[in-house]
Amino acid sequence: MKTYLRHRISNVVDVKELIVFEYLDFEGKYKDYSESHDFWELCYVEKGEIILTVDGVKYTLSDNELLVIPPNSVHAYSSKSGNESRIFGGK
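4 is the number that numbering that gives the first Met the number 0 gives to position 5 of the sequence shown; each next residue is one higher, with no gaps.
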């Protein structure tokens with residue numbers, strides 16, 4: 000039988016403003032330019048599989064996975080050839 004631990008949830012992030020919310024639909028091979036900025040960014044993969052490079056480290060994200068990118072991190076999105084992907088991004 001699985002054991003679950005109960006814990007109290009606390010606010011660790013206080014979002015005061017959402018600057019941009021993007022819905023990106025990648026078809027086929029896609030490569031984004033590298034960027035960095037002084038605010039947090041989140042990437043949620045709704046469908047498919049993408050490669051997100053953050054500060055030189057490659058992360059493969061697929062359906063229903065989320066990655067939060069810290070401020071001042073150099074990052075870029077890419078997809079594999081023939082891969083249809085859909086992501087939500089908030090900045």
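All C-beta atoms in this analysis are idealised placements derived from N, C-alpha and C, irrespective of residue type, glycine included.
On the three-state DSSP scale, how would you describe residue i?
i, result
"His36", "coil"
"Thr59", "strand"
"Lys30", "strand"
"Tyr43", "strand"
"Thr2", "coil"
"Leu83", "It is worth fixing the name first, because residue 83 is Glu in this sequence and not Leu. It is coil, neither helix nor strand."
Tell me which residue opens and which closes the beta strand (DSSP E) that residue i is part of.
i, result
"Glu21", "Phe20 to Phe25"
"Val53", "Glu48 to Val53"
"Ser77", "His74 to Ser78"
"Glu104", "Only positions 0 to 90 of the chain appear in the structure, and residue 104 is not among them; the question remains open."
Looking only at its chain, what residues have a beta carbon closer than 6 Å to the beta carbon of residue i, apart from the 5 residues adjacent to it on each side?
i, result
"Lys30", "Ser77"
So residue i and residue j are in contact, right, with Cβ under 8 Å, and what is the actual spacing, rounded?
i, j, result
"Glu34", "Asn82", "Actually they are not in contact, since the Cβ atoms of Glu34 and Asn82 sit about 22 Å apart, beyond 8 Å."
"His74", "Val44", "His74 to Val44, Cβ: 14 Å. No contact."
"Phe87", "Tyr22", "6 Å"
Closer than 8 Å by C-beta to residue i: which residues in its own chain qualify, once you throw out the five before and the five after it? Chain order, please.
i, result
"Tyr58", "Ile50, Leu51, Thr52 and Leu66"
Is residue i near the ligand NAD, in the sense that its beta carbon is under 7 Å from a heavy atom of that ligand?
i, result
"Ser61", "The ligand NAD is absent from the structure shown, which contains no ligand whatsoever."
Who are the near neighbours of residue i in its chain, counting only those whose CB is closer than 7 Å to its CB and skipping five residues on each side?
i, result
"Gly64", "One point to set straight first is that residue 64 is Glu, not Gly, in the sequence displayed. The residues are Val44."
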